[in-house]
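With the sequence shown counted from 1, adding 2 to any position gets you the numbering used here.
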Amino acid sequence: MAFETVIGLEVHAQLKTRTKIFCSCSTEFGKSPNANTCPVCTGMPGVLPVLNRQAVTFAIKAALATNCKIARESRFDRKNYFYPDLPKGYQISQYAAPIAEHGHLDIETSAGQKTIGITRIHMEEDAGKLIHDPHRAKSMVDLNRTGVPLIEIVSEPDLRSAEEAGAYLRKLHAILKYIDVCDGNMEQGSFRCDANISLRPVGQEEFGTRTELKNLNSFKNVEKAIRFEVERQTYVLEAGDKVIQETRLWDPDRNKTASMRGKEEAHDYRYFPDPDLVPLIVEDDWIQSVAKEMPELPDEKKARFVKAYKLSEYDAEVLTANIDMANFFEETVRPLTNIKQAANWTMTTLMGMLNAKGLDISNSPVSATAFSELLALIEKGSINANAAKTVFEEMTETGKAAAAIVKEKGLEQVSDQSELEGLVEEVIRENPEEAEAYRNGKTKLFSFFMGQIMKKTRGKADPKVVGPLIKSKL
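Okay, structure coming up:
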């Protein structure tokens, strides 16, 4: 029997406010355990929460960027469950009346564009974090994260593969970074995802029994976990057994999922309106003021890159997938004329270096200004591409300016025609058999002669001058 995969994603994004959602404690990451706490976020008796206005503004921005309808009135509820990292014994969240609903995102897949529905966006507070002692059978709790503002973005069950899930997450991640409401750091938990996966026979309308996957801290892990879970559920169903509704953890070391606990339903949390918080009223003026401040979104920037810079759809997609990379590229090309060359160098040499070093563009050892100066030397004909790669490698290691490295290493391009003409004649005299073979039709030997010239000039000869000379002399 053939099965269809049905996937829905729940994304938790920490908002970049300076203080927590219901108190004035700092949200700074990396502080000593329990340093960013107070009676409010640790749930002491008699305290009252006060809503952070900036968190609401960020939630409105996220709703606008994902085409959601913003509720003029929303409410906070208490989500009751008991866990050591939840000091109040409940989480303040939104359930019955979220701040936004009915949105969508368009994603690009190998099969083309697809629209993925967004069920809702709701605001809530984050829980703390348990730290398990590897040497003793004990766990400790750090409540610094307790009360950090979150938005949870719940997709419709419109995703049908790990590829689509990855594309959706990358698009959503890019949007949240573009509008600057979340730093997107998956390793620190600022952007994290739970995946709900079920299978159903092809053609069946009713959904199958779902499992929820947690502990997904990278795009690759999300895709790997979904693929494994689809294979696992397929095996269970083909064996005539039933899939159990449960929460499972992804183990990236063993590349498999493992059962964590039975999956809760909404009624298990006994939601009820939080009596300490009044309804949240979002006036039209507030929404309009946020809309006026909305920056250019990924799709808009991509379209502009194609139009303004005459780039291909693919190049524009790569260069705008990350707001920091898009800004880096625009700063790089500002003084340049050969935009395509700059795009190629950015996508190959620069990104290759970052991947090799495990770095993000935001902490690149070569700044946009320095990179632009290097590319300007190529445009002017001061150095050729081979020399430029040598210079770039030196820049990444030393931080020196491109012009200084060129001068220091004597890499200036040789473009003098009379000088190069003599070298071409010399190379032809030294290789008579190859010259004769070339004249007899083995034109692939052209690269041999070019290589000999580069060897004599230590890679500094200008190919644009040397190429025609080789052909004319032969």
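For each residue, glycine too, the CB sits at the ideal point set by N, CA and C.
**Report entry** Residue range of the beta strand (DSSP E) that includes K258
**Finding:** K258 to G264
Requested in this report: Give every residue of the same chain whose Cβ lies closer than 6 angstroms to the Cβ of V468, excluding the five residues on either side of it in the sequence, and list them in chain order.
Outcome: L422 and I455
Query - Member of A372, A405 and F230 whose CA lies at the smallest distance from the CA of P337 - result: A372
Query - Limits of the beta strand (DSSP E) - the one that Y273 falls within - result: For Y273, no beta strand (DSSP E) run applies, since DSSP gives it neither H nor E.
**Report entry** Residues near H14 in its chain [Cβ-Cβ closer than 7 angstroms; skip 5 each side]
**Finding:** L152, E154 and R194
Requested in this report: Pick out the complete beta strand (DSSP E) segments inside the stretch 87–172, 3 residues or longer, and give them in chain order.
Outcome: Counting only runs of 3 or more, we get 92–95, 102–111, 114–127, 131–134, 141–144 and 151–157.
Query raised in the report: Just how far apart, CA to CA, sit N223 and S200?
Result: Rounded to the nearest whole angstrom, the C-alpha separation of N223 and S200 is 18 angstroms.
Query raised in the report: Run through DSSP, which three-state label would N82 get?
Result: strand
Query raised in the report: To which residues of the same chain is A57 closer than 7 angstroms at the C-beta, ignoring the five residues directly before and after it?
Result: L17, T19, I23, M125 and P151
Query raised in the report: Terminal residues of the continuous alpha helix (DSSP H) containing E333?
Result: I325 to V335
**Report entry** C-beta contact flag for I485 and K63 at 7 angstroms
**Finding:** As shown, the chain starts at 3 and ends at 476. That puts residue 485 outside it, with no answer to give.
Query raised in the report: Under a three-way DSSP split, which group does G453 fall into?
Result: G453 falls in the helix class under three-state DSSP.
Query raised in the report: Between which two residues does the alpha helix (DSSP H) harbouring L2 extend?
Result: The chain is shown from 3 up to 476; residue 2 falls before or after that span and cannot be answered.
Query raised in the report: Is it right to say A139 is buried, meaning 16 or more other beta carbons lie within 10 angstroms of its own, or is it exposed?
Result: exposed
Report task. With DSSP collapsed to three states, give me the class of I479. Result -> Residue 479 is absent from the model: the chain starts at 3 and stops at 476.
Query raised in the report: Should the stretch 309–317 be called in touch with the stretch 343–363, which here means at least 3 C-beta pairs below 8 angstroms?
Result: yes
Requested in this report: Measure the CB-CB distance between A389 and T334 and report whether it falls below 7 angstroms.
Outcome: no
Requested in this report: On a CA-only basis, which of E30, V284, S76 and N54 is nearest S497? Give me that one, please.
Outcome: The structure shown has nothing for residue 497, since the chain only spans 3 to 476.
**Report entry** Closest residue to E6 among K303, D326 and P203 (Cα-Cα distance)
**Finding:** P203
Query raised in the report: Going by other Cβ atoms of all chains shown within 10 Å of its Cβ, with 16 needed for buried, is T400 buried or exposed?
Result: exposed
Query raised in the report: Sorry if obvious, but does the Cβ on R263 come closer than 6 angstroms to a heavy atom of the ligand HEM?
Result: In the structure on display, the ligand HEM does not appear, and there are no ligands present to speak of.
Requested in this report: Tell me whether V13 sits in a helix, a strand or coil according to DSSP, three-state version.
Outcome: strand
Query raised in the report: Apart from the five residues on each side of it in sequence, which residues of its chain come closer than 6 angstroms, Cβ to Cβ, to A164?
Result: E225, I228 and R229
Requested in this report: For V284, count neighbouring Cβ atoms within 10 angstroms of its own Cβ and tell me buried if that reaches 16, exposed if not.
Outcome: buried
Query raised in the report: What's the C-alpha gap between M46 and P89?
Result: 9 angstroms
Query - Neighbour-count burial assignment, G10, 16 or more Cβ in a 10 Å radius - result: buried
**Report entry** Per DSSP, cross-strand counterpart(s) of F5
**Finding:** P203
Query raised in the report: Which residues in the same chain as P41 place their Cβ atom closer than 7 angstroms to its Cβ, once the five residues preceding and following it in sequence are excluded?
Result: V49
Report task. Drop a sphere of 10 angstroms on the beta-carbon of Y85, count the other beta-carbons inside from all chains shown, and report buried for 16 or more, exposed for fewer. Result -> exposed
**Report entry** Residue interval of the alpha helix (DSSP H) (run including T44)
**Finding:** Premise fails: T44 is in no alpha helix (DSSP H) and is neither H nor E.
Query - Other residues of its chain near C184: CB distance less than 7 angstroms, five sequence neighbours each side excluded - result: A15, Q16, L17, K18, L178, S192 and F193
**Report entry** Where T68 falls, given that 16 or more other Cβ within 10 Å makes a residue buried
**Finding:** buried
Query - Which listed residue (Y237, V232, Q206 and I472) has its alpha carbon closest to that of G453 - result: I472
Requested in this report: Could you name the residues of the same chain whose beta carbon sits closer than 7 angstroms to that of P275, not counting the 5 residues immediately before and after it, in chain order?
Outcome: R77 and D79
Query raised in the report: Between L107 and L174, which are expected to be in contact by the criterion C-beta below 8 angstroms, what is the C-beta distance as a whole number of angstroms?
Result: 6 angstroms
Query raised in the report: So T39 and N187 are in contact, right, with Cβ under 8 angstroms, and what is the actual spacing, rounded?
Result: About 21 angstroms separates the two Cβ atoms, so there is no contact after all.
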